[in-house]
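Be aware that the sequence shown starts at 0, since it is given in numbering that gives the first Met the number 0, and climbs by one per residue.
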Amino acid sequence: MHGEAIDRIEAIVPVLKEMLTGRYVIALGGSYAKGYMDEFSDLDFYVYTDGVKPLEERRSILSAIADADQPCYIDENIDGTLWGGCADFYYRGMKIETSVKSIEGYQKAIQDCLSGHIFVEPTFWTLSGYFNYICLSEVSFVQPLSDDEGVLAAWKEQVREYPEKLREAIIRQFWWKSTFWLDNFHYLSAIERGDYVYASGIAQQSFHSLLQVLLAVNGVYFKGDKKIGRQLSELAFCPQPLVQELVFVLGAHQDRIQLKRQREMLVDITHQIKEYMTDSSNMNNG
């Protein structure tokens, strides 16, 4: 990590602490925690806490460090949604995003997902909705900056091994979605008429469902919608078209031959994943 990022972290963490009440954890998240950062990345802090100070008091605390020429956005509540509240601002010209969640609520979310209770909350700010089981992924990759009570350390131990009930739940929920369109009349007719907007939308929707299954069979947590190509490249098992021809798999091709080839690739990918799941099941039962 660059020294400039470290300087920002050291300056911001004490300010975040001032906004909290009771127990709290402050962790580095986002691309810096995943090791995916580049020159376009913002700086993400994930905060888990028993409570927060009143809104105006938090606003005053944050204004002491935030760039004055950029707006701050602070949610009043931290427990109204799965993703909690936020405190977003700029510091020395860099975008800072802070996700603030209730410790009690997050502990429940973790237990639900470990038990295989998963769902997707529709949102407009993520490509496929908000996956409740992202909490397990988040806990696995965030880097603790302040965890005096050992809350995050205990959570990390709970998610250290990929949960079998989670794997089963993801495959059960997303496999049928992955294959739903591939022999569907409306997809096939869209290909024949060259309706590339509709057909490519189906291809991308199918891909995002396949991605969830593929990660699950690899025992790897979903890290979010960004830098999917890199996530795929790190998997122990991944069908080659998703590594070598991902752009084509997701493209809006404007002739029927390419649209047909795109569908054939998706069919081949699903067959490879199904074969891998069958082989893995046979090995486990053997």
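Glycine included, each C-beta is placed from N, C-alpha and C at the ideal position. Model, not experiment: these values are computed from the prediction.
Check your understanding: Does the pairing of the segment 96-111 with the segment 43-50 give three or more beta-carbon distances under 8 Å?
Key -> yes
Fill in: Close beta carbons around Q253, own chain, < 8 Å, minus the five adjacent residues each side
G193 and Y195
* Would you kindly report the start and end of the unbroken alpha helix (DSSP H) that includes E96? => Not the alpha helix (DSSP H): E96 falls in the beta strand (DSSP E), residues M93 to S101.
- [ ] Would you kindly work out how many angstroms separate the C-alpha atoms of W175 and Q230, rounded to a whole number?
- [x] 22 Å
* Candidates C85, L135, G21 and Y129: which alpha carbon is nearest G218's? -> L135
ask   = What whole-angstrom Cβ distance do M264 and E244 have, given they're in contact under 8 Å?
value = 7 Å
Assign Y312 to one of three DSSP states: helix, strand, or coil. Only positions 0 to 285 of the chain appear in the structure, and residue 312 is not among them; the question remains open.
Exercise. In the DSSP assignment, what are the bridge partners of A86?
Worked result: Its beta-bridge partners are I73.
| said: Comparing C-alpha positions only, which one of E38, G28, S62 and D43 sits nearest to M18? | reply: Ranking the options by Cα distance to M18, first place goes to S62.
Quick check: the segment 59-78 against the segment 88-98, are there 3 or more CB pairs under 8 Å? yes
Alpha carbon to alpha carbon, how far is I5 from R171?
42 Å
Between which two residues does the beta strand (DSSP E) harbouring F44 extend? L42 to V51
Task: Residues near L214 in its chain [Cβ-Cβ closer than 6 Å; skip 5 each side] - done: F221
task = Would you mind reading off the limits of the beta strand (DSSP E) that contains Y308?
result = Outside the shown range of the chain (0 to 285) lies residue 308, about which nothing can therefore be said.
**Prompt:** Which same chain residues, not among the five before or five after M36, have their C-beta less than 7 Å away from its C-beta?
**Reply:** S30
Checklist entry - When DSSP labels each residue in this structure, what does L126 get in the three-state scheme? => result coil
Identified DSSP bridge partners for P143: A26
### Query
With DSSP run on the structure shown, which of helix, strand or coil describes E120?
DSSP places E120 in strand when its eight states are reduced to three.
**Study point:** Distance between R166 and S114 (C-alpha atoms, nearest Å)
**Key:** 10 Å
* Asked: Which ranges would you report for the alpha helix (DSSP H) in the segment 191-274 if only whole runs of at least 4 residues count?
  -> 195-217, 227-232, 239-243 and 245-249
Reducing DSSP to helix, strand and coil, say where W180 ends up.
coil
Check: Beta carbon of D41, beta carbon of I95: below 9 Å?
Finding: Yes, the pair counts as a contact, with Cβ atoms nearer than the cut-off.
Worksheet item: Do you know whose CA, among L258, L144 and P238, lies nearest E274's CA?
Response: P238
Using three-state DSSP, classify A67 as helix, strand or coil.
-> coil
Handout entry: Distance, V99 Cα to G223 Cα
Key = Here the alpha carbon of G223 sits roughly 18 Å from the alpha carbon of V99.
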